[in-house]
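One structure is given below, encoded as structure tokens.
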Amino acid sequence: MLRITATRQVAYRVTHRFTQLGLWACTTLWAGAALAQENDWTVHAKRVYTGSGDVVENAIVRVTDGKVAAILPGRSAPQNSLSVEAVTAGMIDASVRINAGVWSVEQSTEVQPQRSVADSIDVFDYRWLRAARSGVTTVYIAPLDRNVVGGTGVAMKTAGADSVDGRRLESKPIVRGAIGTDPSGGNSAAFGRPTSFFNRRPTTRMGVEWEWRKAFYDAVAAQRLPERDFEGADVMRDILAGKVRLCIQAWATQDIRTAVFLKEEMMREGFGEIDLVIDAAAEAWKEPQLLVRTKTSVILPPHPGSGRARDGAFMSINTAKVLVDAGVPVALSSHGARDAGERLAAQAGLAMRGGLTLEQALAAVTTTPARILGIEGRVGTVEVGKDADLVLWSGTPFEATARVSGVLVDGVLVHDPR
Amino acid sequence: MIPIPLTSLALACVLAAPADHKTYLSASHVHVGDGTILENGVVVVEGGKITAVGGADLVPDGHAVQKHEGHLSAGMVSLRDAAGVGAEGLDRTRNVMPDADLAWAFDPKHPDWKRLTREGVTSVVIVPRSGSLIGGLTAVVKPATENIVKRRSHLHVSLSSSGLSTLRYPTSYPSAIAELDSLFGEGGGAIGAAKKGELPVLIEARGKAEVQRAVAFAKRHGLKGSLLGPSLAGELAESIKASGLDVILVGFGAGQTTRSLASASLLSAAGVSFGFTTESPGRDPVTLRLSVAAAMRGGLDAAVAWRAVTADAARIAGVADRVGTIAAGKDADLVLWSGAPTELASRVESVWVDGSHVYDGGKN
Numbered sequence: 001m002l003r004i005t006a007t008r009q010v011a012y013r014v015t016h017r018f019t020q021l022g023l024w025a026c027t028t029l030w031a032g033a034a035l036a037q038e039n040d041w042t043v044h045a046k047r048v049y050t051g052s053g054d055v056v057e058n059a060i061v062r063v064t065d066g067k068v069a070a071i072l073p074g075r076s077a078p079q080n081s082l083s084v085e086a087v088t089a090g091m092i093d094a095s096v097r098i099n100a101g102v103w104s105v106e107q108s109t110e111v112q113p114q115r116s117v118a119d120s121i122d123v124f125d126y127r128w129l130r131a132a133r134s135g136v137t138t139v140y141i142a143p144l145d146r147n148v149v150g151g152t153g154v155a156m157k158t159a160g161a162d163s164v165d166g167r168r169l170e171s172k173p174i175v176r177g178a179i180g181t182d183p184s185g186g187n188s189a190a191f192g193r194p195t196s197f198f199n200r201r202p203t204t205r206m207g208v209e210w211e212w213r214k215a216f217y218d219a220v221a222a223q224r225l226p227e228r229d230f231e232g233a234d235v236m237r238d239i240l241a242g243k244v245r246l247c248i249q250a251w252a253t254q255d256i257r258t259a260v261f262l263k264e265e266m267m268r269e270g271f272g273e274i275d276l277v278i279d280a281a282a283e284a285w286k287e288p289q290l291l292v293r294t295k296t297s298v299i300l301p302p303h304p305g306s307g308r309a310r311d312g313a314f315m316s317i318n319t320a321k322v323l324v325d326a327g328v329p330v331a332l333s334s335h336g337a338r339d340a341g342e343r344l345a346a347q348a349g350l351a352m353r354g355g356l357t358l359e360q361a362l363a364a365v366t367t368t369p370a371r372i373l374g375i376e377g378r379v380g381t382v383e384v385g386k387d388a389d390l391v392l393w394s395g396t397p398f399e400a401t402a403r404v405s406g407v408l409v410d411g412v413l414v415h416d417p418r
Numbered sequence: 419m420i421p422i423p424l425t426s427l428a429l430a431c432v433l434a435a436p437a438d439h440k441t442y443l444s445a446s447h448v449h450v451g452d453g454t455i456l457e458n459g460v461v462v463v464e465g466g467k468i469t470a471v472g473g474a475d476l477v478p479d480g481h482a483v484q485k486h487e488g489h490l491s492a493g494m495v496s497l498r499d500a501a502g503v504g505a506e507g508l509d510r511t512r513n514v515m516p517d518a519d520l521a522w523a524f525d526p527k528h529p530d531w532k533r534l535t536r537e538g539v540t541s542v543v544i545v546p547r548s549g550s551l552i553g554g555l556t557a558v559v560k561p562a563t564e565n566i567v568k569r570r571s572h573l574h575v576s577l578s579s580s581g582l583s584t585l586r587y588p589t590s591y592p593s594a595i596a597e598l599d600s601l602f603g604e605g606g607g608a609i610g611a612a613k614k615g616e617l618p619v620l621i622e623a624r625g626k627a628e629v630q631r632a633v634a635f636a637k638r639h640g641l642k643g644s645l646l647g648p649s650l651a652g653e654l655a656e657s658i659k660a661s662g663l664d665v666i667l668v669g670f671g672a673g674q675t676t677r678s679l680a681s682a683s684l685l686s687a688a689g690v691s692f693g694f695t696t697e698s699p700g701r702d703p704v705t706l707r708l709s710v711a712a713a714m715r716g717g718l719d720a721a722v723a724w725r726a727v728t729a730d731a732a733r734i735a736g737v738a739d740r741v742g743t744i745a746a747g748k749d750a751d752l753v754l755w756s757g758a759p760t761e762l763a764s765r766v767e768s769v770w771v772d773g774s775h776v777y778d779g780g781k782n
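Order-wise, the sequence lines are chains Y and W.
In case it helps, the working numbering puts the first sequence at residues 1 to 418.
In case it helps, the working numbering puts the second sequence at residues 419 to 782.
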């Protein structure tokens with residue numbers, strides 16, 4: 001914005017000094033350029049990582065009306081452009097926890113796939129800007145993992161309109177649930193709080209798994225037996241029909257296996273084929289073939305320095321590498337972590353330390369999560385016609401010394417590199 | 419000021435003018451409530467009502483006038499206080515009670531009310547305590563004269579986390595909103611009256627996201643009324659204005675943030691009416707005047723700030739025909755101040771409610 005202001009002032013001065021010299025038209029044009037819409041920009045980068053396999057050198061990315069309008073290679077930086085070392089598409093975090101506080105969790109029932117998280121999102125939370133400025137331009141806000149089947153999430157931009165609907169992206173509906181200790185560990189036993197409903201909830205992994213299977217079996221049986229029906233049964237059937245994607249949090253091997261075996265059991269029973277994504281799959285590196293066999297995508301949590309993740313899972317530094325090599329679609333995530341070192345750009349760097357190439361790491365924070373969320377038509381690559389969600393880098397992306405120096409979301413500069 | 423012979427506050431009521439007898443009050447400055455100030459104004463009181471407001475010419479020759487040095491204003495209106503309601507304001511076993519009538523919990527003898535009277539607060543909206551989805555029906559009361567001005571003045575609804583509990587359904591915003599949508603979809607009783615626009619709602623909403631949801635909720639169900647407790651409402655003033663809702667701010671304290679102070683000015687600039695509660699931390703009855711002073715410090719025009727605790731508050735409470743300004747036909751709820759009422763150093767020297775002299779500045 002500084003630059004625009006400066007240009008406006010110059011234009012103003014020039015207008016007043018030279019009007020009588022007949023330069024009126026010229027200066028008006030100049031002022032007009034400076035007063036262009038706030039979602040129109042010219043970005044110049046030494047390298048543009050398009051995300052579709054190309055690296056375009058010395059390129060201009062022209063942004064018009066919030067969309068990428070042109071990518072022109074072999075140019076020098078024009079005046080008034082945003083000039084940086086590198087440009088990638090905005091990063092996509094498929095597992096964040098912005099605003100998903102205690103009042104987003106409906107604790108009275110374990111299975112509530114019909115419930116949308118949208119009404120618990122606070123677009124005024126300061127963490128949105130923090131995420132946007134770190135280069136994350138699209139996120140998937142899911143229910144917290146305190147329920148077995150927590151509900152439907154929302155894919156949305158991290159900046160833009162002051163309303164959930166204004167930032168929302170049309171995506172494939174995704175129901176999120178959990179396997180492991182999250183939906184059971186904090187529940188009280190039958191003793192202690194006789195007036196509350198906590199004694200109804202699962203308190204063990206066995207109980208969690210039972211809730212999952214009961215929900216699917218009841219949903220199928222309810223078509224013939226009305227007494228088995230429950231609120232959300234139709235959504236469970238949509239999951240079985242593959243119309244709604246299912247994202248299950250499962251950190252440890254035993255929980256990843258439970259999720260995969262659940263899918264296979266539903267297929268064996270002839271109930272349908274679940275379109276499965278496993279989130280927080282820290283131990284997925286132990287059995288990648290299970291994921292390949294069931295065509296399961298994974299979202300990885302941030303790599304803990306010690307390797308010790310939650311639920312007793314151990315996350316190897318080459319987790320992403322092992323999975324990508326096996327052919328499993330892998331997205332990296334912050335899993336809601338707030339530390340800078342656990343944010344998405346840093347995770348891509350760590351995944352490269354674990355063996356991913358730059359291109360693979362970039363895919364793991366852009367195109368792969370875009371496909372997992374079903375929003376690849378709009379975001380994930382730097383491509384003409386797509387949303388102008390761009391990350392401007394001070395060096396080679398994901399390198400420890402490179403920083404996110406600028407960010408555009410829908411063509412609006414939310415982090416100014418100048 | 420002519421000394422008023424009083425032996426005790428309890429006896430103060432004897433000063434109430436007989437029904438067929440007019441009392442003439444005059445003060446150096448009479449704050450009528452519409453922004454005008456009458457110098458050496460006269461207020462005529464008869465049968466607990468104000469019958470005329472004007473200059474000295476209102477007084478017939480030879481008639482006694484109670485002359486006061488100082489500023490006379492209408493009594494202030496608090497848009498939420500639960501003194502004298504206490505724990506009765508919340509039923510912990512059920513969180514949807516649209517037809518519960520809080521007027522039944524009004525205890526006019528509760529000692530806490532006196533503190534409000536002494537600070538010039540003469541009308542109070544009693545509101546169910548936060549903690550329910552639908553808390554019930556509010557009432558507008560005058561504790562000093564034990565009068566209930568209006569029963570069923572609003573329906574109290576919560577879209578705030580303060581209406582949620584982790585121990586019973588619903589524990590989350592999405593479920594609470596789904597539950598409220600379902601209840602308002604069915605209608606009936608007080609909810610039906612609210613949907614028809616006959617009964618205004620007080621929608622509790624504090625954070626900005628809660629305000630957004632509350633505004634959307636009111637729009638979905640065609641509700642009229644006010645948002646209760648949104649300290650940063652000014653930052654959403656445009657959408658609140660479009661919704662037609664008024665705003666009830668939690669009374670300001672000395673340590674109010676500049677953002678929430680600016681919020682009052684933003685509301686005013688957008689043309690949204692607002693008033694204040696006296697339920698600030700510590701429930702200090704001086705809250706309304708502190709709110710006025712703080713809002714003025716935040717840039718709000720003095721007349722607008724004063725209206726927020728008198729005329730605008732009365733309108734938001736739904737009792738503008740009775741209280742909030744000094745005008746013929748209104749209740750004789752009057753406060754005599756030692757200086758300008760918006761000046762924090764000014765003291766309350768006398769309070770009349772329904773024409774009864776209920777406080778004499780602590781002299782007796």
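Positions of the beta carbon are idealized from the N, C-alpha and C atoms, including for glycine.
Under 9 Å, do residue i and residue j count as touching if we go by C-beta distance?
{"i": "Y/VAL382", "j": "Y/SER134", "result": "no"}
{"i": "Y/GLY270", "j": "Y/GLY242", "result": "no"}
{"i": "W/GLY538", "j": "W/VAL710", "result": "no"}
{"i": "Y/VAL409", "j": "Y/GLY90", "result": "yes"}
{"i": "W/THR695", "j": "W/MET494", "result": "no"}
{"i": "Y/ILE317", "j": "Y/LEU291", "result": "no"}
{"i": "W/VAL665", "j": "W/GLY693", "result": "yes"}
{"i": "Y/ILE60", "j": "Y/VAL384", "result": "no"}
{"i": "Y/GLN347", "j": "Y/PRO397", "result": "no"}
{"i": "Y/VAL407", "j": "Y/ALA132", "result": "yes"}
Listing by chain order, which chain W residues have their CB less than 8 Å from the CB of residue i?
{"i": "Y/GLU106", "result": "TYR587, PRO588, THR589, SER590, PRO592, SER593"}
{"i": "Y/VAL117", "result": "PRO592"}
{"i": "Y/SER163", "result": "GLN630"}
How is residue i classed by DSSP in three states: helix, strand or coil?
{"i": "W/SER768", "result": "strand"}
{"i": "W/SER446", "result": "strand"}
{"i": "Y/LEU169", "result": "coil"}
{"i": "Y/ALA45", "result": "strand"}
{"i": "W/LYS467", "result": "strand"}
{"i": "Y/MET91", "result": "strand"}
{"i": "Y/PRO417", "result": "coil"}
{"i": "W/GLU622", "result": "strand"}
{"i": "W/THR540", "result": "strand"}
{"i": "Y/MET1", "result": "Bear in mind that the predicted position of Y/MET1 carries a pLDDT of just 33, short of 50, making it unreliable; the figure below should be weighed with that in mind. Three-state result, Y/MET1: coil."}
{"i": "W/ASP499", "result": "coil"}
{"i": "Y/TRP251", "result": "coil"}
For residue i, which of the options has the nearest alpha-carbon?
{"i": "W/SER681", "options": "W/GLY643, W/ALA723, W/ARG707", "result": "W/ALA723"}
{"i": "Y/VAL419", "options": "Y/PRO73, Y/TRP41, Y/ASP40, Y/THR64", "result": "The structure shown has nothing for residue 419 of chain Y, since chain Y only spans 1 to 418."}
{"i": "Y/VAL391", "options": "Y/VAL56, Y/SER120, Y/VAL87", "result": "Y/VAL87"}
{"i": "Y/PRO202", "options": "Y/ASP325, Y/LEU358, Y/ALA400, Y/THR109", "result": "Y/THR109"}
{"i": "W/VAL668", "options": "W/ALA688, W/HIS481, W/GLY647, W/ASP778", "result": "W/GLY647"}
{"i": "W/ALA557", "options": "W/HIS528, W/LEU762, W/LEU497", "result": "W/LEU497"}
{"i": "W/THR760", "options": "W/ARG533, W/VAL542, W/TRP522, W/ALA721", "result": "W/ALA721"}
{"i": "W/LEU762", "options": "W/ALA746, W/LEU706, W/THR743", "result": "W/LEU706"}
{"i": "Y/SER95", "options": "Y/VAL379, Y/SER334, Y/HIS415", "result": "Y/SER334"}
{"i": "W/LYS781", "options": "W/PRO516, W/ARG536, W/LEU456, W/HIS439", "result": "W/ARG536"}
{"i": "W/THR441", "options": "W/GLY451, W/ILE468, W/ARG733", "result": "W/ILE468"}
{"i": "Y/GLY207", "options": "Y/VAL414, Y/ILE179, Y/ALA222", "result": "Y/ILE179"}
{"i": "W/GLN674", "options": "W/GLY716, W/PHE635, W/PRO703, W/GLU653", "result": "W/GLY716"}
Mind listing the chain Y neighbours of residue i? Cutoff is C-beta to C-beta under 7 Å, in chain order.
{"i": "W/LYS626", "result": "PHE124"}
{"i": "W/LEU582", "result": "TRP103"}
Kindly list, in the order they appear in chain Y, the residues whose Cβ is closer than 9 Å to that of residue i.
{"i": "W/SER579", "result": "GLY101, VAL102, TRP103"}
If I'm right that residue i touches residue j with Cβ under 8 Å, what's the distance once you round it to whole angstroms?
{"i": "W/SER579", "j": "Y/TRP285", "result": "Contact flag wrong, Cβ pair sits at about 40 Å."}
{"i": "Y/LEU225", "j": "Y/ILE274", "result": "Between Y/ILE274 and Y/LEU225 the Cβ distance is about 22 Å, and since that is not below 8 Å, they are no contact."}
Closer than 8 Å by beta-carbon distance: list the chain Y residues that pair up with residue i, in chain order.
{"i": "W/ARG631", "result": "ASP119"}
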